[in-house]
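Residue numbers (our numbering): 53 to 451. Every residue gets a Cβ at the ideal spot worked out from N, C-alpha and C, and that includes glycine.
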Ligand SMILES: Cc1cc2nc3c(=O)[nH]c(=O)nc-3n(C[C@H](O)[C@H](O)[C@H](O)COP(=O)(O)O)c2cc1C
Ligand code: SF4
C-alpha cells in the first residue's frame, strides 16, 4: 500500500500504508479494523454506491487489510440511514461465511477473520474516527483526545485501524491490478518536493446540488469541478451559472465561479483557500441562490451536529448561526462579517482549540463565504430586509 501511494478516501487523505505501520509491531493481543461506512459528510454518497453495487469488493478489501495488519476481527460501522446497504452487506457477509471465505481457517489456511456489521447512531460526529470507536463501544460518540491515536489505543483500548469504505475498495483493486496500474492514474508526486505523495489512483466523485444530472462518477484524481459539472452532471440546471461550488463536502468550504478549473486532487482545493479535497463531494450552488442562505444552512447543520465537548466548537457554531439568523432577519450589521471571521478563526484543530476536526469543518465555509463573497453579504446587510425564506419562516412561526 505504501508503494502504491494510496491515500485515505475518508476525508483527510492520510497515506494508508503509513497508517498501518503505526500499529505496535510486537503486540500480542487483538488488533481491530473499523471500517468507516458512516458517510455523514453532506453531499457524499460514494460509499453507498460501493456497498450497494459491489459489496464483495469491500469485503475482499477488508480481508486483505486484516491479513496485512494481523487482525482477525473487523467491524463495519454503517450509517444508520443506509437500510439498503445494511441488507446487502448482511447478505454478502453471509454468502462469504457460507463459502468459507470468512470465519475460521479461511480457504483451508490458518487465517481466521470475521466481520461484524454495526448500524450507526445517525449523527455526523459518529464518522469521526474516535467518535466512531466510542459509539462502537456502546457509548455516546464523543471524540477522544489524541494522542493516543487509534493505531496505538483504539477500539476496546486495543490497536485499531480505521479506514474508509472507498479506501478498502482501492486495496482490493491494487492487489488485483497491481501497484503500477494504480500509480499510472491520477496526479504524480512533485519530483521537486520529496514530501509530496501525489494524488494517485481513481476517485469516486459525487456531484449534486443545482445540476441537471446529480451523479457519482469514477475518474482519475485531479479532474476539475468544471469538468465534473459540465461533462458528467449535465451542466448547471435551468440554464443558470454556478456561483459557488463545494469541492469535497460542505466542511471544505467553497470554490468561487472563477476557481472552477482547480484540480480536485488532494492539493488543489487547499491552493485556493479551501480546507482540502475532503470527500470529493461536489455540491453546486447556482447564481440565483443567496450565499447568505447557503452559509446559514451550513452553520445550522454544524451547530446541530457539534457534540458539545469543546467550548469553541459548541459556542462558536451557535454564535455563527445566530449572527447569520440576525442578518437573514434584516438586522445585520457590517461589523458582523468581521465578527463571523473572528469566531471562525478561533475554533478548530488548526488553531489548536478543539478535540476534533468538526470545528474546522464548521469554520471553513464561513471563512470562504465571507472572504470570497463579501460583496454579496454587504449588499444583503445594506438592503436590511429579511430574505424571502426568512420572512416565510417568520410567518410560519407566527401561525
Ligand atoms: C466530523 C468528522 C466526520 C467524519 N466523517 C467521516 C465519515 O463519515 N466517513 C469517513 O470515512 N471518515 C470520516 N471522517 C474522517 C475519519 O475521522 C477518518 O479520518 C477516516 O475514516 C480515516 O479513513 P481513511 O484513512 O481511509 O481515509 C470524519 C472526520 C470528522 C472530523
Ligand atoms: S470539535 Fe466539536 S464535535 Fe469535535 S469533539 Fe469538540 S465539540 Fe465535539
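First through last residue of the alpha helix (DSSP H) which encompasses residue i
i: residue 417; result: 410 to 424
i: residue 296; result: Counting along the chain, residue 296 falls outside any alpha helix (DSSP H), though it belongs to the beta strand (DSSP E) covering 294 to 298.
i: residue 349; result: 343 to 357
i: residue 135; result: 135 to 150
i: residue 311; result: From DSSP, residue 311 is part of no alpha helix (DSSP H); its letter is neither H nor E.
i: residue 187; result: 181 to 188
i: residue 305; result: First-last for residue 305: undefined, no H or E at that position.
i: residue 263; result: Counting along the chain, residue 263 falls outside any alpha helix (DSSP H), and DSSP gives it neither H nor E.
i: residue 388; result: 387 to 397
As assigned by DSSP and simplified to three states, the class of residue i
i: residue 241; result: coil
i: residue 99; result: helix
i: residue 161; result: coil
i: residue 319; result: coil
i: residue 107; result: helix
i: residue 255; result: strand
i: residue 168; result: strand
i: residue 127; result: strand
i: residue 332; result: coil
i: residue 364; result: helix
i: residue 71; result: helix
i: residue 232; result: helix
i: residue 154; result: coil
i: residue 276; result: strand
i: residue 374; result: helix
i: residue 122; result: coil
i: residue 78; result: coil
i: residue 59; result: strand
i: residue 381; result: coil
i: residue 248; result: coil
i: residue 339; result: coil
Own chain, CB closer than 8 Å to residue i, minus 5 neighbours either side, in chain order
i: residue 188; result: 86, 127, 129, 170 and 207
i: residue 60; result: 66, 67, 68, 71, 215, 216 and 219
i: residue 14; result: No statement about residue 14 is possible, as the shown extent of the chain runs from 53 to 451 and does not include it.
Residue i CB to nearest heavy atom of ligand 2 below 7 Å
i: residue 37; result: Here the chain covers residues 53 to 451 and nothing more, so residue 37 does not appear.
i: residue 188; result: no
i: residue 373; result: no
i: residue 171; result: no
i: residue 408; result: yes
i: residue 195; result: yes
i: residue 192; result: no
i: residue 398; result: no
i: residue 411; result: yes
i: residue 358; result: yes
Own chain residues within Cβ distance below 6 Å of residue i, not counting five before or after
i: residue 82; result: 210
i: residue 155; result: 149
i: residue 160; result: none
i: residue 62; result: 88 and 216
i: residue 324; result: 311 and 314
i: residue 186; result: 193 and 194
Proximity test, Cβ basis, 8 Å: residue i and chain C
i: residue 161; result: Among the protein chains of the structure shown there is no chain C, as only one such chain exists.
Contact belief for residue i with residue j at Cβ below 8 Å, rounded distance in angstroms
i: residue 358; j: residue 391; result: Not quite, the Cβ-Cβ distance comes to about 19 Å (not below 8 Å), so this is no contact.
i: residue 401; j: residue 95; result: That belief does not hold up - the Cβ atoms of residue 401 and residue 95 are roughly 22 Å apart, past 8 Å.
i: residue 254; j: residue 270; result: 5 Å
i: residue 212; j: residue 202; result: 4 Å
i: residue 223; j: residue 53; result: 7 Å
i: residue 234; j: residue 56; result: 5 Å
i: residue 262; j: residue 310; result: Actually they are not in contact, since the Cβ atoms of residue 262 and residue 310 sit about 18 Å apart, beyond 8 Å.
i: residue 221; j: residue 109; result: 5 Å
i: residue 78; j: residue 125; result: In fact, because the Cβ distance is near 19 Å, the residues do not count as touching under 8 Å.
i: residue 90; j: residue 139; result: That belief does not hold up - the Cβ atoms of residue 90 and residue 139 are roughly 18 Å apart, past 8 Å.
i: residue 343; j: residue 368; result: Not confirmed; about 20 Å, so no contact.
i: residue 252; j: residue 268; result: Not confirmed; about 20 Å, so no contact.
Own chain, CB closer than 7 Å to residue i, minus 5 neighbours either side, in chain order
i: residue 407; result: 195, 197, 361 and 362
i: residue 227; result: 116
i: residue 277; result: 297, 299, 307, 312, 314, 316 and 334
i: residue 331; result: 63, 93, 96, 300 and 301
i: residue 322; result: 328
i: residue 100; result: 91, 134 and 137
Any non-hydrogen atom of ligand 1 within 7 Å of residue i CB
i: residue 201; result: no
i: residue 179; result: yes
i: residue 133; result: no
i: residue 352; result: no
i: residue 208; result: no
i: residue 62; result: yes
i: residue 88; result: yes
i: residue 228; result: no
Residue i: first and last residue of the uninterrupted beta strand (DSSP E) it sits in
i: residue 324; result: Here residue 324 belongs to no beta strand (DSSP E), and DSSP marks it neither H nor E.
i: residue 272; result: 267 to 272
i: residue 84; result: 84 to 89
i: residue 215; result: 212 to 216
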